[in-house]
Amino acid sequence: MSLEVDITLEREVYSLQARLSVGQETVVIVGPNGAGKSTLLRCIAGLEPSTAGEVNLNGTPWLAHGSSLPTEMRSLGMVFQDDLLLPHRDVESNIALGAAGDPRTWIDRFDLTHLRNRYPAELSGGERQRTAIARACARHPAVMLLDEPLSAVDVERRPMLRRQIQDALAGFRIPALIVTHDPAESATLGDRIAVLENGVITQIGPAETLTSHPRSAYVAELVGLNLYQGIASEKGVRVGEAVLASSDQASGPVFVTIHPRAVSVHKRRPEGSPRNAWLGTIVSTDTTFDLVRMSIGGPVTITATVTSDGLAAVGATTGDPVWVSVKASEVRLQPR
22 MSLEVDITLE
32 REVYSLQARL
42 SVGQETVVIV
52 GPNGAGKSTL
62 LRCIAGLEPS
72 TAGEVNLNGT
82 PWLAHGSSLP
92 TEMRSLGMVF
102 QDDLLLPHRD
112 VESNIALGAA
122 GDPRTWIDRF
132 DLTHLRNRYP
142 AELSGGERQR
152 TAIARACARH
162 PAVMLLDEPL
172 SAVDVERRPM
182 LRRQIQDALA
192 GFRIPALIVT
202 HDPAESATLG
212 DRIAVLENGV
222 ITQIGPAETL
232 TSHPRSAYVA
242 ELVGLNLYQG
252 IASEKGVRVG
262 EAVLASSDQA
272 SGPVFVTIHP
282 RAVSVHKRRP
292 EGSPRNAWLG
302 TIVSTDTTFD
312 LVRMSIGGPV
322 TITATVTSDG
332 LAAVGATTGD
342 PVWVSVKASE
352 VRLQPR
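Written out as structure tokens, the structure reads:
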């Protein structure tokens, strides 16, 4: 199963020129506001009539030589930012619309059983979004397109819904594209991340590749986060061999993110006994303009971003020992 996309769409503020190939995997689309992320999904779905180029699913053309297959003839499951539920249908009948099997399967999988007879106006934003996702899955589509599927969902509910989406897509084994603005979601929800800037895909690959070799300032800013899996408790959050302090309240398994700019590097142990400080070794450095990205090994392997002048003031280079410190307020936790 493979979705091949090579499209162009002219807009007043930018020209969308996107080319990518998606196999039996989930590709997360990220980028600045107005970059064309939602428009890309609409082009694939056939909802932008001015789209030029090609869209093929397993060699079957959806768009080719100026001819476009109507949206209703494309085997799609699509979730919009606005859920677009039919207001005169209850949850069950919304999900049943176009379903390829028993809709109750998806009602149960997305924990909507107690809401099955309610109408969209009686639901919260998160409940409507879950209904829209269940409706898309119930079609058993050949391609799944999700536009910020977690944006309307409560923070407490997001980890569970993220897992439910992942489980559904893993079962389908189809090409799936998900638009998100959340860095942690981009790193945990997709097999690969595609970065769309000014209508052009500037980089695509696993989160680890984008983190270690960012090709633009936006990529470095967005996915340059240090991301870990940890266990949070009253004593702190355990990450590898270390226990870090965080101002976020959480318990149990969590994702831990630390921005490289929040990492301070010192030649000597920092004064004032910061809550998170450890001795490490500079493994590598990469200089772009006046910024230096350092990979520092130790109890917690971490990436730090400092200015060239800042690194010169520390007086350290690759192979040298340095002290690392991070404020507790910069250690962000998200349930997983």
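Count along the sequence shown from 1, add 21, and you get the number used in the numbering used here. Ideal Cβ positions, reconstructed from N, Cα and C, are used throughout, including at glycine. What you are looking at is a predicted structure, and each value in this text was computed from that prediction instead of being measured.
Neighbourhood of residue i by C-beta distance below 6 Å, restricted to the same chain and skipping five residues each side
i      : result
THR29  : GLN38, ALA73 and GLY74
VAL321 : VAL260, GLY261 and ALA263
VAL304 : SER316 and GLY318
ALA191 : none
ALA189 : CYS158
ASP307 : ARG314
SER36  : GLY220
LEU144 : none
8 Å contact criterion, which residue i and residue j should meet: CB distance rounded
i      : j      : result
PRO227 : SER23  : So it is not a contact: roughly 18 Å between Cβ atoms.
ALA349 : ALA263 : The pair is not a contact, with the Cβ atoms about 13 Å apart (cut-off 8 Å).
GLU218 : TYR249 : Actually they do not touch by this definition, with Cβ atoms about 27 Å apart.
LEU106 : ARG149 : 6 Å
THR302 : GLY336 : That pair is no contact at about 15 Å.
THR232 : ARG353 : Not confirmed; about 16 Å, so no contact.
GLU33  : GLN102 : Contact flag wrong, Cβ pair sits at about 21 Å.
VAL43  : LEU198 : 6 Å
LYS58  : VAL164 : Actually they do not touch by this definition, with Cβ atoms about 16 Å apart.
Proximal residues to residue i (C-beta, below 7 Å), its chain only, five neighbours per side dropped
i      : result
ASN79  : MET22 and SER23
LEU19  : Beyond the ends of the chain as shown, which are 22 and 357, falls residue 19; an answer cannot be given.
LEU68  : THR92
GLY147 : ALA173, VAL174, ASP175 and ARG178
HIS280 : LEU246 and GLU351
PRO141 : LEU106, PRO108 and ARG149
ARG63  : GLU69
ASP311 : THR328 and SER329
TRP127 : ILE116, ALA155, CYS158 and ALA159
SER254 : SER272
Beta-carbon proximity list for residue i, same chain, < 8 Å, skipping 5 on both sides
i      : result
PRO235 : GLN224, ALA241, VAL244 and GLY245
ARG194 : MET22 and GLN45
TRP344 : VAL286, HIS287, LYS288, ARG289, ARG290, PRO291, ALA298, TRP299, LEU300 and GLY301
LEU118 : LEU107, ARG110 and ARG156
TRP83  : ILE65, GLY67, VAL76, ASN77, SER89, LEU90 and ARG95
ARG357 : PRO180, THR209, GLN250, PRO274, VAL275 and PHE276
ALA205 : LEU246, LEU248, PHE276, THR278 and GLN355
SER237 : VAL216, GLU218, THR223 and GLN224
In DSSP terms, what residue i is bridged to
i      : result
ASN77  : GLU25 and PRO82
SER36  : GLU31
ARG213 : VAL48
VAL176 : DSSP output for VAL176 lists no bridge partner at all.
THR126 : None, per the DSSP bridge assignment.
ILE303 : ILE317
GLU218 : VAL221
ALA298 : SER346
THR308 : VAL313
LEU68  : BP columns for LEU68 are empty, so no partner.
LEU41  : VAL26
Closer than 7 Å: residue i CB and nearest the ligand SAM heavy atom
i      : result
GLY273 : Among the components modelled here there is no ligand, and therefore nothing to report on the ligand SAM.
Closer than 8 Å to chain C by CB, residue i
i      : result
THR324 : In summary, chain C is missing from the structure at hand, where a single protein chain is found.
Contact between the segment 80-96 and the segment 255-267 (3+ Cβ pairs under 8 Å):
The segment 255-267 and the segment 80-96 do not touch, with fewer than three beta-carbon pairs separated by less than 8 Å.
Just list the beta strand (DSSP E) runs in the segment 313-355, keeping only unbroken ones of 3 residues or longer that don't cross its boundaries, in chain order.
For the segment 313-355, the continuous beta strand (DSSP E) assignments of 3+ residues that do not extend past its boundaries occur at 323-328 and 342-347, in sequence order.
Does the segment 283-299 come into contact with the segment 320-330, if we say contact requires no fewer than three beta-carbon pairs (one atom in each stretch) closer than 8 Å?
Contact holds: three or more Cβ-Cβ distances are below 8 Å.
Contact between the segment 43-59 and the segment 202-220 (3+ Cβ pairs under 8 Å)
Three or more beta-carbon pairs separated by less than 8 Å link the segment 43-59 to the segment 202-220, which places the two stretches in contact.
Is there contact here, the segment 213-220 with the segment 175-182, by at least three beta-carbon pairs under 8 Å?
Verdict: no, contact absent.
Just list the beta strand (DSSP E) runs in the segment 79-123, keeping only unbroken ones of 3 residues or longer that don't cross its boundaries, in chain order.
Segments of the beta strand (DSSP E) lying fully in the segment 79-123: 81-85 and 97-100.
Can you list the beta strand (DSSP E) stretches of 3 or more residues lying completely in the segment 222-292, in chain order?
Unbroken beta strand (DSSP E) runs of no fewer than 3 residues, entirely contained in the segment 222-292, are found at 247-254, 257-260, 263-265, 273-279 and 284-287, following chain order.
Where are the beta strand (DSSP E) runs, 3 residues long or more, that stay fully inside the segment 131-206, in chain order?
DSSP runs (the beta strand (DSSP E)) wholly in the segment 131-206: 164-168 and 197-200.
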